[in-house]
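K.L.:
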Amino acid sequence: MAEAAGLMEAPTLISSGDASPVSPAVLARIDALQVRYIRALDLRDMAAWAASFEGGDASYICIARENEEQGLPLAIMLDDNQNRISDRVQYVTKIWAGTFEDYTTRHFVQRTAEARRADGLFEVETNFLVAYTTTRGQSEVLVSGNYKDVVQVGEAGATFRSKRAVLDTAVLPRYLVYPV
Amino acid sequence: MRISNADNTVNIRWPSKFNEIPKEVFHREDVYRLELERIFMGPEWHMVAHRAELANPGDYKTFQIGEAPVLIVHGEDGKLRVFQNACPHRGTQLATCPRGSGRKIECPYHRWTFKNTGELAGIPGVADFPKDFRKEDYGLRELRSAEVYGIVFATFSADAPEIDEWLGETKPYIAHFLDGDGDLTLLGYQKVLFDSNWKEYGDNEGYHAPLLHVAARLLRFPKTRGEQFMTTHAHKVNLTELPEPGDAGFLRDPSVIMPFDATKRIQASVIQLYPISLILRNHDTITMRFVFPRSVDCTEVHYAYFGRREDSAELSSYRARQASNLLGPSGFISLEDGAVFNRIHVASRTPGTVAFQKGVTGPITAPITMDKGEEATNLIRWERYRQTMGFERA
Chain P
0 MAEAAGLMEA
10 PTLISSGDAS
20 PVSPAVLARI
30 DALQVRYIRA
40 LDLRDMAAWA
50 ASFEGGDASY
60 ICIARENEEQ
70 GLPLAIMLDD
80 NQNRISDRVQ
90 YVTKIWAGTF
100 EDYTTRHFVQ
110 RTAEARRADG
120 LFEVETNFLV
130 AYTTTRGQSE
140 VLVSGNYKDV
150 VQVGEAGATF
160 RSKRAVLDTA
170 VLPRYLVYPV
Chain H
0 MRISNADNTV
10 NIRWPSKFNE
20 IPKEVFHRED
30 VYRLELERIF
40 MGPEWHMVAH
50 RAELANPGDY
60 KTFQIGEAPV
70 LIVHGEDGKL
80 RVFQNACPHR
90 GTQLATCPRG
100 SGRKIECPYH
110 RWTFKNTGEL
120 AGIPGVADFP
130 KDFRKEDYGL
140 RELRSAEVYG
150 IVFATFSADA
160 PEIDEWLGET
170 KPYIAHFLDG
180 DGDLTLLGYQ
190 KVLFDSNWKE
200 YGDNEGYHAP
210 LLHVAARLLR
220 FPKTRGEQFM
230 TTHAHKVNLT
240 ELPEPGDAGF
250 LRDPSVIMPF
260 DATKRIQASV
270 IQLYPISLIL
280 RNHDTITMRF
290 VFPRSVDCTE
300 VHYAYFGRRE
310 DSAELSSYRA
320 RQASNLLGPS
330 GFISLEDGAV
340 FNRIHVASRT
350 PGTVAFQKGV
360 TGPITAPITM
370 DKGEEATNLI
380 RWERYRQTMG
390 FERA
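Just so you know, the protein sequences line up as chains P and H, in that order. Here the first sequence is numbered in numbering that gives the first Met the number 0, starting from 0 and rising by one per residue. Here the second sequence is numbered in numbering that gives the first Met the number 0, starting from 0 and rising by one per residue.
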């Protein structure tokens, strides 16, 4: 009996043939963006989270690898335009405020692959491990996974055109309030 | 259905007031063990899959009834069967992944193989077996099961009533929620743990105060007319139609709460099957919540989302965009529920009882119809629970 779901290698965004060298200056901007992004989340600063995306068609999608591998479109969070990204800021800061059990996170990231596309944007893959701490003071792993990002790099710095957080964690240890 | 408590070693002093529930049932390990025996292994049906999750012959899904692992398999003959997920030889778990596919089912321990209809097919080393070994005695252990609009129900009990009797008046509503015939396609899953007893999840998932939900107020849910009814087997059907789409301009992308077809009424309706399964129709989102207890303190919920087979690519995408953000553990109008499940569980360690109040006027029995906002209907679930568990009122 084939064991299809759950343990297969995740499909990669970047195939080895695409790997053209990316300059250290560009890599530094990409890494600075990723650090700015996780700092915003660890500070629960939703406005700063939203500000790391650029373009009307910018997207943030957080999806279980179980769905991703089987070609199922259903996500945990599916914000595929700038309006939805801005609505998510409203969900967290206005609509859900005062109801949920709060938690803080520490995101740890490691860039694992990058490639320059023909259109000048950069595709970047980054592992993440997110620890969370409850109001009772206990810390555990929230999720692990891999970001598949499309990054725009300019003189002033880098921004996400799209960010896809693919979660290895199929069964979440708690409901997610904040993006990953 | 009524079980004597004569041999009960688990004693709960049930309050004489009919609207009070003793908190200790939410955290006592001995109570939980008895629930597994009398409810999850007892004469109730459990929703374990929808055909769309295992659409082709050879496809399978694993799930649990209570703590018992089960394997749902789509046979070559087109029939969906539910088996114990254990080899009939030495009891090894057969499949470990949530879903998969294969021509045969093979046990990794001694390489016994089974057809996807359950019969034992191959046995290495059979020459050394006892003389009275009969291959036909060692097919996969099959549960009683039934398929209703593609939904697979199963039970370990020979005493559960026939499925149509057990589902009772819910059946036409199940059809209605699934747009008629249950010819669905799978859009995907959201899965989460709640640090909550399964009964706390059940008490507050099928019913919770709209007061909790800012989002529900944006949808004008509290001011919307609706009704709920309880069936004789303690299932709840809660039917609401939202009068008109709209969010008072709060959202920049209101597609999360707008209907695909603007001429259709928006449903926000729930069927909660005793003890713990849910089927929901909310906007264009068709959801089944498959639930099992992981322990007395933890409940696992698989939110499965579906479209219709005839959906256009546009409608399919619309459903996935809406379902992802609307109604799951991190959903726009549902995230707040989870906070309540967990908090009730922590506080259940304080002495005393919890009390239902809204809509409570006196003892009630099913079938009964009430306004959608009343919490009194949960008392019918609790009465079935009390009787099944054999707990006597003080």
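Note that beta-carbon positions come from the ideal geometry of N, C-alpha and C, so glycine has one too.
Looking at C-alpha atoms only, which residue of H:P366, H:G351, H:Y304 is the closest neighbour of R50 of chain H?
P.N.:
H:Y304
K.L.:
For L142 of chain H, list the residues DSSP reports as bridge partners.
P.N.:
DSSP, once it has assigned bridges, lists no residue as partnering L142 of chain H.
K.L.:
Output, in chain order, the set of chain P residues within a Cβ distance shorter than 8 Å of D180 of chain H.
P.N.:
Within 8 Å Cβ-Cβ: nothing; D180 of chain H doesn't reach chain P, min ~22 Å.
K.L.:
Under the three-state reduction of DSSP, which class applies to F121 of chain P: helix, strand or coil?
P.N.:
strand
K.L.:
Kindly identify the DSSP beta-bridge partner or partners of F132 of chain H.
P.N.:
None; F132 of chain H has no bridge partner.
K.L.:
Across which residues does DSSP place T158 of chain P in a beta bridge pair?
P.N.:
Note: T158 of chain P is bridge-paired with P:Q151 in the DSSP secondary-structure output.
K.L.:
Do you know how far the Cα of E141 of chain H is from the Cα of S156 of chain H?
P.N.:
11 Å
K.L.:
Please compile the residues from chain H whose C-beta is within a distance smaller than 8 Å of the C-beta of S85 of chain P.
P.N.:
R251
K.L.:
Between E154 of chain P and chain H, is the shortest Cβ-Cβ distance under 8 Å, so that the two count as touching?
P.N.:
Cβ-Cβ to chain H under 8 Å: no for E154 of chain P.
K.L.:
Establish whether the CB of K162 of chain P and some CB of chain H are separated by less than 8 Å.
P.N.:
no
K.L.:
What residues from the region 91-108 of chain P come within 7 Å of chain A, judged by C-beta to C-beta, listed N to C?
P.N.:
Note that chain A does not occur in the displayed structure, where the protein chains are P and H.
K.L.:
Any idea if T364 of chain H is buried or exposed, counting beta-carbon neighbours within 10 angstroms, 16 or more meaning buried?
P.N.:
exposed
K.L.:
Using 8 Å as the Cβ pair cut-off and three pairs as the minimum, do the region 61-70 of chain H and the region 283-295 of chain H touch?
P.N.:
yes
K.L.:
Measuring only between beta-carbons, confirm whether Y146 of chain P sits less than 8 Å from chain H.
P.N.:
no
K.L.:
Got a sec, what are the start and stop residues for the beta strand (DSSP E) K190 of chain H sits in?
P.N.:
183-193
K.L.:
Let me make sure I understand the geometry here. Which of P:Y177, P:V34, P:A31, P:D41 has the alpha-carbon closest to that of R105 of chain P?
P.N.:
When each option's Cα is compared against that of R105 of chain P, the closest is P:D41.
K.L.:
What is the DSSP secondary structure of V47 of chain H, counted as helix, strand or coil?
P.N.:
strand
K.L.:
Drop a sphere of 10 angstroms on the beta-carbon of I109 of chain H, count the other beta-carbons inside from all chains shown, and report buried for 16 or more, exposed for fewer.
P.N.:
In the sequence as displayed, the identity of residue 109 of chain H is His instead of Ile. H109 of chain H comes out exposed.
K.L.:
Do you know how far the Cα of I38 of chain H is from the Cα of V269 of chain H?
P.N.:
22 Å
K.L.:
Taking CB distances under 8 Å as the criterion, tell me whether E146 of chain H reaches chain P.
P.N.:
no
K.L.:
Give the straight-line distance between the Cα atoms of T116 of chain H and G138 of chain H, rounded to the nearest whole angstrom.
P.N.:
9 Å
K.L.:
Taking Cβ positions, are F107 of chain P and F127 of chain P nearer each other than 8 Å?
P.N.:
Yes.
K.L.:
Output yes if chain P places a C-beta closer than 8 Å to the C-beta of L185 of chain H; else output no.
P.N.:
yes
K.L.:
With a threshold of 16 other CB atoms inside 10 Å of the CB of S22 of chain P, please say whether the residue is buried or exposed.
P.N.:
exposed
K.L.:
Can you tell me the Cα-Cα spacing of L166 of chain P and V30 of chain H, whole angstroms?
P.N.:
36 Å
K.L.:
Would you call the CB atoms of R35 of chain P and S51 of chain P closer than 8 Å?
P.N.:
yes
K.L.:
In the DSSP assignment, what residue or residues form a beta bridge with C396 of chain H?
P.N.:
Shown here, chain H extends from 0 to 393; a query on residue 396 of chain H therefore has no answer.
K.L.:
I'd like to confirm the pairing. Which residues does DSSP put opposite Y302 of chain H in its beta bridges?
P.N.:
BP columns for Y302 of chain H point to H:Q189, H:R288.
K.L.:
For a test of the three-state rule: what should DSSP assign to K16 of chain H, helix, strand or coil?
P.N.:
Three-state result, K16 of chain H: coil.
K.L.:
Does the CB of Y304 of chain H have a neighbour CB from chain P at under 8 Å?
P.N.:
yes
K.L.:
Please name the residue in H:K60, H:K114, H:A261 whose C-alpha comes closest to that of T95 of chain H.
P.N.:
Restricting attention to H:K60, H:K114, H:A261, the CA atom closest to the CA of T95 of chain H is found in H:K60.
K.L.:
Is it true that the CB of Y102 of chain P sits closer than 8 Å to the CB of I84 of chain P?
P.N.:
no
K.L.:
Mind checking which residues open and close the alpha helix (DSSP H) that includes H106 of chain P?
P.N.:
No alpha helix (DSSP H) contains H106 of chain P, which is instead part of the beta strand (DSSP E) from 102-115.
K.L.:
List, in chain order, every chain H residue whose beta-carbon is nearer than 8 Å to that of L73 of chain P.
P.N.:
Result: L186, G187, Y188, Q189, Y304, A319, A322, S323.
K.L.:
Any residues in the region 82-108 of chain H with a beta carbon nearer than 8 Å to a beta carbon of chain P? Which ones, in chain order?
P.N.:
L93, A94, T95, C96, P97, R98, G99, S100, G101, K103, I104, E105
K.L.:
Taking 8 Å as the threshold (beta carbon to beta carbon), is D118 of chain P in contact with chain H?
P.N.:
no
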